[in-house]
Amino acid sequence: NMTICIDMGATEIKVAPINQNENGLVMGSVQKFPTNASLGKKGIVYALHSAISSLCAPDVDGVAIASAGDIDVNTSVITYATENLPGMIGFDFAEFCKNNFSLSARAINDAHAALLGEMEYGAGKEYRDMRVAMLTLGSGVGGGYYASGMIVANEQNDFGRFGHVCIEEGGRECTCGKLGCNEMYLSGRAIHRDAAAMGIDGPDIFEKYALGDEKHVEFVAEFKKNLKITLDKVMEVSPFDVCIIGGGVADWMAEHFDSIMNDLGYKIIRASLGNSAGMYGAYAHYNNFNR
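Positions in the sequence shown are counted from 1; adding 4 to them yields the working numbering.
If you want it as structure tokens, here you go:
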């Protein structure tokens with residue numbers, strides 16, 4: 005049986021088939037469709053339809069979805085989304101897949117999916133009996149928390165929205181409307197902006213840091229200070245033994261990841277599933293419900 009796995013972000017929808025065979029999971033090739041968010045809900049829903057249609061076949065058993073926004077995992081409805089996914093609050097993935105494709109579907113927030121994917125199939129496999137936090141540093145900052153063998157997202161930890169932990173009172177204005185969210189300091193977009201302000205923006209920021217260039221060392225020291233404040237605050241709401249860090253920024257650090265992370269006072273490991281983590285997590289979530 006094949007499951008269609010979707011990772012829906014603000015810019016693109018990734019889709020791949022996942023099969024389970026005697027050697028474990030096999031993910032087929034990943035296709036990408038532009039989300040068309042600038043066209044509003046109509047554009048997004050059309051893109052989602054195209055992505056699922058591309059893999060529809062008789063042996064498909066269902067659709068597993070990781071999506072930006074807050075998602076009710078029991079109903080697969082988007083309960084909140086920013087203007088990155090305009091018009092999508094209230095969208096019901098399960099109903100959509102049933103009505104259009106006669107397939108069952110399960111949806112989960114994309115950052116929670118990334119963590120679930122890493123815990124089941126990636127860097128977190130050997131830490132399943134521990135408490136694990138995750139930060140996904142991409143164009144935004146996603147978060148997730150895993151304890152007692154499952155994703156924990158509730159009011160007490162603000163549903164694992166660790167990108168919106170305030171690290172500077174009265175700081176930069178975030179797209180969520182609050183001030184000083186770490187997303188405005190730690191995301192790929194923020195790094196580019198801050199590096200540009202220092203005149204050092206470029207693909208080799210972390211290489212030049214490793215070579216000891218003064219401006220780059222200063223820049224990374226500021227980044228680490230902001231990351232440390234974030235980790236301290238996450239620790240208060242979601243005490244963790246290990247923190248997994250993934251996303252484009254971790255890939256950007258590449259082989260310098262460990263030297264940047266080693267003195268922050270926490271056990272930090274790098275995510276291992278890259279851009280596929282969300283699809284693996286969506287698959288795990290789908291199967292947890294359909295076992």
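C-beta atoms are modelled at their ideal positions from N, C-alpha and C, and glycine is treated no differently.
| query | Tell me the DSSP bridge mates of A111? | reply | Within the DSSP bridge table, the entry for A111 names I69 as partners.
| query | Exposed or buried, N161, counting other C-beta atoms within 10 Å across all chains shown (16 or more means buried)? | reply | N161 should be labelled buried.
| For Q24: DSSP bridge partner residues | Paired residue(s): L29.
| request: Measure the alpha-carbon distance for E222 versus I264 and round it to whole angstroms. | output: Straight-line Cα distance between these residues: approximately 12 angstroms.
| said: With the cut-off set at 9 angstroms, would you say I248 and M138 are in Cβ contact? | reply: Result yes, Cβ atoms of I248 and M138 sit closer than 9 angstroms.
| field | Secondary structure of I233, DSSP reduced to three states | value | In the displayed model, I233 falls within a helix according to three-state DSSP.
| request: Determine the direct distance from the alpha carbon of F261 to that of L268, and round the result to whole angstroms. | output: About 12 angstroms.
| request: With DSSP as the reference, label E16 as helix, strand or coil. | output: Strand.
| Inter-residue Cα distance where the pair is R165 and E16 | Approximately 21 angstroms, taken between the alpha carbons.
| request: With a threshold of 16 other CB atoms inside 10 Å of the CB of V136, please say whether the residue is buried or exposed. | output: With 16 or more other Cβ atoms within 10 Å, it is buried.
| In chain order, which alpha helix (DSSP H) runs of at least 4 residues are fully inside the region 72-156? | Runs of the alpha helix (DSSP H) inside the region 72-156: 97-105, 114-125.
| task | Return the CA-CA distance between G146 and A115, expressed in angstroms with no decimal places. | result | Their backbone Cα atoms lie some 5 angstroms apart in a straight line.
| request: Report the rounded CA-to-CA distance for G167 versus R193, giving the unit in angstroms. | output: Rounded to the nearest angstrom, the two C-alpha atoms are 13 angstroms apart.
| field | Contact check, G252 vs L119, beta carbons under 9 angstroms | value | Inclusion of G252 and L119 in the CB contact set at 9 angstroms is not warranted, their separation being larger than that value.
| field | P21 burial status per 10 Å Cβ neighbour count (16 or more: buried) | value | Buried.
| task | My understanding is that A55 touches H289, with C-beta atoms under 8 angstroms, so please give their C-beta distance in whole angstroms. | result | Not really, about 18 angstroms apart at Cβ, beyond 8 angstroms.
| said: Please list the terminal residues of the continuous beta strand (DSSP E) segment that includes K271. | reply: Neither: K271 is in no beta strand (DSSP E) and is coded neither H nor E.
| query | For V238, does the count of other Cβ atoms within 10 angstroms reach 16, so buried, or fall short, so exposed? | reply | Residue environment for V238: buried (at least 16 other C-beta atoms within 10 angstroms of its C-beta).
| query | Just curious, the beta strand (DSSP E) that K36 is in, first and last residue? | reply | K36 -> beta strand (DSSP E) spans 35-38.
| query | Using DSSP with H/G/I as helix, E/B as strand and the rest coil, what is D198? | reply | Here D198 sits in helix by DSSP.
| request: List the DSSP bridge partners of E177. | output: Partner(s): L183.
| query | So does the region 217-233 actually touch the region 268-284, counting three or more Cβ pairs closer than 8 angstroms? | reply | A contact exists between the region 217-233 and the region 268-284.
| Between which two residues does the alpha helix (DSSP H) containing V49 stretch? | Looking at the DSSP string, the run of the alpha helix (DSSP H) that includes V49 is 44-57.
| said: Taking 7 angstroms as the limit between beta carbons, can you name the residues of its chain near G144, skipping five residues before and five after? | reply: Short of 7 angstroms from the beta carbon of G144, and not among the five residues preceding or following it, lie these beta carbons of its own chain, in chain order: G167, E187, S191.
| message | Output needed for N88: all residues of its chain with C-beta closer than 7 angstroms, excluding positions within five of it in sequence on either side, in chain order. | response | The answer, listed in chain order, is A14, A41, A72.
| query | How many Å lie between D76 and R274 at the Cα? | reply | So the alpha carbons of these two residues sit roughly 28 angstroms apart.
| said: Here's the rule: buried if 16 or more other CB atoms are within 10 angstroms of the residue's CB, otherwise exposed. What is V169? | reply: Burial call: buried.
| Between A85, F293, S106, A225, which lies nearest to A199 when the distance is taken from Cα to Cα? | Minimum Cα distance to A199 is reached at A225.
| field | Closest residue to G91 among A201, K46, E177 (Cα-Cα distance) | value | With respect to the C-alpha of G91, the residue from A201, K46, E177 having the closest C-alpha is K46.
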